[in-house]
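One structure is given here, and the rest of the page talks about it.
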Amino acid sequence: MKTDKSWHWAGSAIPEGANLMQILKLDPRALKDNPDDTRRSKSSPQSDALLLATVKAVGIIQPPVISPEVDGGNGYIIQAGHRRVRQAIAAGLEEITVLVVEAANDNGAMRSMVENIAREPLNPVDQWRGIERLVALGWTEEAIGVALALPVRQIRKLRLLANVLPAILDHMALGDMPNEQQLRTIAAASLGEQKEVWKAHKPKKSERADWYTISRALSKTRMFAKDASFGDDLASAYGIEWVEDLFAPADQDSRYTNNVEAFLGAQQEWMTNNLPKKGAIIEVNNWGQPELPKKAERVYGKPSKSDHVGMYLDRDGKVQSIAYRMPEDKKKVKGGAATTGAAENLDNDAIVDAPKPRPVVTQKGQDMIGDFRTDALHEALGRAPIEDDTLMALLVLAFAGLNVRVDSGANETVFGSKRFKRHAARLIGEDGKLAFDQETLRVAARSMLIDVLSCRRGMSNSGVVSRIAGDAIGADSFLANMGSEDFLLCLSRQAMEAAAKEANVLPRQKVRETRFALIDRFKEGHFVHASALFAPDPSEIEDLIKHAEYLDTDANTPEDDATDGTAVDRNPASEDGGLDPSEGEDDLPETFDGDAGEADPDEQDAYGIAAE
1 MKTDKSWHWA GSAIPEGANL MQILKLDPRA LKDNPDDTRR SKSSPQSDAL
51 LLATVKAVGI IQPPVISPEV DGGNGYIIQA GHRRVRQAIA AGLEEITVLV
101 VEAANDNGAM RSMVENIARE PLNPVDQWRG IERLVALGWT EEAIGVALAL
151 PVRQIRKLRL LANVLPAILD HMALGDMPNE QQLRTIAAAS LGEQKEVWKA
201 HKPKKSERAD WYTISRALSK TRMFAKDASF GDDLASAYGI EWVEDLFAPA
251 DQDSRYTNNV EAFLGAQQEW MTNNLPKKGA IIEVNNWGQP ELPKKAERVY
301 GKPSKSDHVG MYLDRDGKVQ SIAYRMPEDK KKVKGGAATT GAAENLDNDA
351 IVDAPKPRPV VTQKGQDMIG DFRTDALHEA LGRAPIEDDT LMALLVLAFA
401 GLNVRVDSGA NETVFGSKRF KRHAARLIGE DGKLAFDQET LRVAARSMLI
451 DVLSCRRGMS NSGVVSRIAG DAIGADSFLA NMGSEDFLLC LSRQAMEAAA
501 KEANVLPRQK VRETRFALID RFKEGHFVHA SALFAPDPSE IEDLIKHAEY
551 LDTDANTPED DATDGTAVDR NPASEDGGLD PSEGEDDLPE TFDGDAGEAD
601 PDEQDAYGIA AE
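In full-length UniProt numbering, the protein residues as written are 1 to 612.
Here is the structure:
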């Protein structure tokens, strides 16, 4: 044991009762832990690795504090520096320098408490100043990283602070730091630019800085004129000056500006002035994706006149548009039906289903498939070659769809028919008689089928008949490319790997990487998921064929009609106990005495929307 008996007092005489401190060199393995140490929880492996690296590199900078054992012992108890002693043992040091003090009355409990509470780690600005001092003394970034157990990238990130405005550094020293990309953008700007931007965006006292806005104002991002929707008038109003890129291809518009805020402001004003009918400006999320209004459904196929259009700016500053559909207001059902439905809902709510595995295609994916199918079906009905007999058969199928409502002479129930009159008008001459040629008949039949048949999910779904029709006319070849990120996000892992196998794409370890590989594969190709094909489900075909039995059994009772919809009383009023025909009118479906064209306009419009 080596002893350095140098006492640290200013005078020659040692004050009476002073707590003397002695410096010794001891084997760290001979020191005992203090049972009254305040820090009982284990330190993290990362912090232990950091301390071990510093001990191996430069040794123990601050000697641990120990005191002699009391109550007859002849060893030493660690008062401060338990982690330093443990890491010195792990580093294989034979001896370490320690400070020996007299044991306090409370065995150092208060001293240990104060030491651990009052200690504060260095903030990033102080870390940078320390790193710069080490670099000035000849340390390399790699050596500093090894000594401090920090990655070299972190060392280089902190050294970016050398190019930051002092006023911004003072704010960062309070603990409000930007992320690495924002810090690089700020450090790349000149001090004059930083001063102007900081003056405009300096946060108030005790508030955090908006580093995103500050970095965007200092960024040198090029906003190209070819992406601008606004004209020269807005460009001059916002002070945008275009710069020609001399190294760009000669056949392209290579003009650009670094005034990002002015460019985005002009784009925003152009969108405001050029909103289409039923258009709105929507926000984007942190990933640059548009955020639709609540309850809105995105339209992936061809938008209709009743759909809305949302306009937004993508990450490149381009004006983009997206079509979406808002749900219709649900009309209140009359007394009896509402009560029955409520009772059924109560019964259904009482049943608790077991958790189900994730389906191959999500509900959103099924909605997209319905849009794709409907667009392909309508395009095939308008362009694909169809035999006349097939066309007439499809017309019969169309009126068996779930979404069709017509005037029925059997039950005297009147439904909207305005939408179908325009097709019938093509086949009638001025004298009120049928007058048409084969081409006019084909056009009217195709138009009727397009209005009636639909695969969209919801009240406009035609059911299995639309699948049969699409399969019969080869509508599969008209399906849109589904190799987009929007649709592939709706597939399960198994379904995506199966699609990758069919496309000769090697599945990646992560689902996201497999999805991006498929997106790149089908940028120029054409992908149609197997579940989107028009081939109908055999079970649905069986259910449809069962309806043919009614033709053989002559099932014309109201109960049979109730299987498909509302039961209708087919008996005349005179046969029902001689009741007055006017009695019970409220219980019957709504009827009209005049022409169908005199129906309630709101009701007609509702059914017109359903047919779409």
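From the three backbone atoms N, C-alpha and C, an ideal C-beta is built for every residue, glycine too.
- Under the three-pair Cβ rule at 8 Å, the region 231 to 249 does not count as touching the region 178 to 198.
- By the criterion of a C-beta distance shorter than 7 Å, Arg-457 is surrounded in its chain by Gln-366, Asp-367 and Gly-370, once the five residues flanking it on both sides are discounted.
- Straight-line measurement puts the Cα of Leu-93 at about 15 Å from the Cα of His-82.
- Residue range 363 to 383 is occupied by the alpha helix (DSSP H) that includes His-378, with no beta strand (DSSP E) assigned at that position.
- The continuous beta strand (DSSP E) containing Tyr-76 extends over residues 76 to 80.
- CA-to-CA, the gap between Met-177 and Ala-250 works out to about 43 Å.
- Annotation: Asn-286 to Gly-301 spans about 26 Å, alpha carbon to alpha carbon.
- Inter-segment contact for the region 291 to 308 and the region 256 to 274 is absent: fewer than three beta-carbon pairs are separated by less than 8 Å.
- Comparing alpha carbon positions, the residue from Asp-388, Glu-524, Gln-509 and Leu-137 closest to Ala-503 is Glu-524.
- With a cutoff of 8 Å on beta-carbon distance, Ile-240 and Thr-257 are scored as near each other.
- Given a length threshold of 4 residues, each whole run of the alpha helix (DSSP H) inside the region 180 to 212 is given here in chain order: 180 to 188 and 191 to 201.
- Taking the Cα of Ala-475 as reference, the smallest distance to any Cα among Gln-127, Arg-383 and His-171 is reached at Arg-383.
- If you look at Ile-96, you'll find it in the beta strand (DSSP E) that goes 96 to 100.
- Per DSSP, the unbroken alpha helix (DSSP H) holding His-171 starts and ends at 166 to 172.
- Annotated three-state conformation of Leu-313 is strand, per DSSP.
- Straight across, the Cα-Cα distance linking Asp-486 with Trp-242 is about 35 Å.
- Residue nearest to Val-85 within the set Gly-73, Asp-71 and Pro-63 is Pro-63 (criterion: CA-CA distance).
- Taking a C-beta distance under 8 Å as the contact criterion, Phe-372 and Arg-467 do not qualify as a contact pair.
- Straight through space, the alpha carbons of Ala-398 and Asn-481 are spaced by roughly 26 Å.
- Looking at the DSSP output, Val-404 bridges to nothing.
- Minimum Cα-Cα distance from Val-284 among the listed residues Arg-255, Ile-322 and Ala-376 corresponds to Ile-322.
- Collapsing the DSSP output to three states places Val-528 in coil.
- Boundaries of the alpha helix (DSSP H) around Thr-272: 260 to 273.
- Three or more beta-carbon pairs drawn from the region 169 to 189 and the region 211 to 222 are found closer than 8 Å, and the two stretches are therefore classed as touching.
- Separation of Asp-253 and Met-311 (C-alpha to C-alpha, rounded to the nearest whole angstrom) is 24 Å.
- If you look at Pro-68, you'll find it in the beta strand (DSSP E) that goes 65 to 68.
- Annotated as proximal: Thr-374 and Cys-455, with beta-carbon spacing under 8 Å.
- In the displayed model, Phe-224 falls within a strand according to three-state DSSP.
- C-alpha of Arg-29 to C-alpha of Ala-147: approximately 24 Å in a straight line.
- Here Ala-498 carries a helix assignment [DSSP, helix/strand/coil].
- Residue environment for Ala-445: buried (at least 16 other C-beta atoms within 10 angstroms of its C-beta).
- Between Val-135 and Leu-161, the C-beta spacing is not below 8 Å.
- Residue pairing by DSSP places Gly-279 opposite Val-309 in a beta bridge.
- Between the alpha carbons of Gly-288 and Met-459 lies a gap of roughly 33 Å.
- The Cβ atoms of Asn-123 and Ala-173 sit closer than 8 Å to each other.
- Per DSSP, the continuous alpha helix (DSSP H) segment holding Ser-447 begins and ends at 438 to 452.
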